[in-house]
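Asks: Take a look at the following structure, please.
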Amino acid sequence: MWNDVIAMREPYASLFPRLRIQARRALSAHPECHGWDHTLRVWRNTVEILMSEQADTAVAQYAAVLHDVGRAAEFADNGESCHAEVGAAMVPDLLAEVGVTDPAFIDHVAECVRTHRFRARSGRRPASLEAKIVYDADKLDSMGAVGVGRAFHFAGRVGARVHNTKAEALAAESYSLEDSAYREYLVKLSAIQDKLLTPAGRRLGRRRHEFMAAFFDELIAETGVA
């Protein structure tokens, strides 16, 4: 998979393999819907978008690999923490451990991590092109077949129902019995298509959006629960 890495300037190309090891270690305590497999897919989405954008390939790929390192804290306290803020605070130490010393580079990667979240509590939105690319790459992994699979995976982890009505889903609390995959689709996944920030991200997201809409229409038809 790592043969798809887009060329980076030095020293970042040489340090990237060490970063992957550090990131995987940091992600070892994460729930698998936001674990290493998810990070790999987000990195691959980042690479695909970078093929169409003139961006700093090192910043974008480093941020993609680190974007979810704060997830364990958020899951441990049922969402009281913001994983984007926690992760951004972890970036300087993680980069220092692999030998990155440029403060501007570290700050840029941290900002990409801080602003990648769909429901940003800080109100900060991605400003740089690299941050927009990582944001889109992460959102794309919440769409399509893999997005539907992740939504059910998370619902299963919190003990939610397989399916419920639209009214039940929209009235539900996070991490509750009614926090179903359908709720995630209604409150987040169905809106992602209109929130993507790069032309390449919007192009890649169109087909995934159509698949999700068709899937939940079929689920409603099969269950008779709307």
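In short: position in the sequence shown from 1, add 1, done, that's the numbering used here. Where is the CB? At the ideal position from N, CA and C, for every residue including glycine.
1. Please report how far the alpha carbon of glutamine 194 lies from the alpha carbon of alanine 85, in whole angstroms.
2. Whose C-beta lies closer than 7 Å to the C-beta of glycine 36 among residues of the same chain, with five residues either side of it excluded?
3. Is the region 61-75 in contact with the region 144-163, if contact means three or more CB pairs nearer than 8 Å?
4. Using 7 Å as the threshold, is the C-beta distance between valine 114 and glycine 148 below it?
5. Please state if the CB of alanine 156 and the CB of serine 181 are separated by a distance shorter than 7 Å.
6. Taking buried to mean at least 16 other C-beta atoms within 10 Å of its own C-beta, is serine 143 buried or exposed?
7. Out of curiosity, what's the CA-to-CA distance linking tyrosine 176 and glutamate 211?
8. Let me know the secondary structure DSSP gives threonine 58 once reduced to three states.
9. Checking 7 Å against the spacing of the C-beta atoms, do asparagine 165 and glutamate 174 come in under that value?
10. Classify aspartate 108 as buried or exposed, calling it buried when 16 or more other Cβ atoms lie within 10 Å of its own Cβ.
11. With DSSP run on the structure shown, which of helix, strand or coil describes glutamate 11?
12. Thinking just about the alpha-carbon of each residue, which of Asn46, Thr199, Asp218 is nearest to the one in serine 191?
13. Could you work out which residue in Ala168, Pro200, Asp5 is closest to glutamate 54 when comparing CA atoms only?
14. Looking at C-alpha atoms only, which residue of Arg26, Asp103, Ala59 is the closest neighbour of tyrosine 13?
15. Please state whether the Cβ-Cβ distance between alanine 170 and arginine 184 is less than 7 Å.
Replies: Looking at the coordinates:
1. Taking the sequence shown and counting its residues from 1, the one referred to as residue 194 is at position 193. Taking the sequence shown and counting its residues from 1, the one referred to as residue 85 is at position 84. Those two C-alpha atoms are separated by around 21 Å.
2. By one-based count along the sequence shown, residue 36 stands at place 35. Hits under 7 Å: Leu28.
3. No contact exists between the region 61-75 and the region 144-163.
4. To locate residue 114, count along the sequence shown from 1; it is residue 113. To locate residue 148, count along the sequence shown from 1; it is residue 147. Cβ atoms of valine 114 and glycine 148: not closer than 7 Å.
5. The residue labelled residue 181 in the question sits at position 180 within the sequence shown. The residue labelled residue 156 in the question sits at position 155 within the sequence shown. The criterion of a C-beta distance shorter than 7 Å is satisfied by serine 181 and alanine 156.
6. The residue you call residue 143 lines up with position 142 of the sequence shown. It is buried - the Cβ of serine 143 has at least 16 other Cβ atoms within 10 Å.
7. The residue labelled residue 176 in the question sits at position 175 within the sequence shown. The residue labelled residue 211 in the question sits at position 210 within the sequence shown. Answer to the nearest angstrom: the Cα atoms are 27 Å apart.
8. As a first step, residue 58 is located in the sequence shown; it is residue number 57 there, counting from the start. When DSSP states are grouped into helix, strand and coil, threonine 58 belongs to the helix group.
9. Taking the sequence shown and counting its residues from 1, the one referred to as residue 165 is at position 164. Taking the sequence shown and counting its residues from 1, the one referred to as residue 174 is at position 173. Going by C-beta atoms, asparagine 165 is not nearer than 7 Å to glutamate 174.
10. Here the question's residue 108 lines up with position 107 in the sequence shown. Looking at its Cβ environment, which holds fewer than 16 other Cβ atoms inside 10 Å, aspartate 108 is exposed.
11. Locating residue 11 in the sequence shown gives position 10, where the first residue counts as 1. Looking at glutamate 11 - three-state DSSP - the assignment turns out to be coil, as it is neither helix nor strand.
12. Position 190 of the sequence shown, counting from 1, holds the residue named residue 191. Here the closest residue by C-alpha is Asp218.
13. Position 53 of the sequence shown, counting from 1, holds the residue named residue 54. Closest by C-alpha distance to glutamate 54, out of Ala168, Pro200, Asp5, is Pro200.
14. As a working mapping, residue 13 is identified with position 12 in the sequence shown. Comparing Cα-Cα distances from tyrosine 13 to each of Arg26, Asp103, Ala59, the minimum goes to Ala59.
15. Position 169 of the sequence shown holds residue 170. Position 183 of the sequence shown holds residue 184. In this structure, arginine 184 lies closer than 7 Å to alanine 170 by Cβ.
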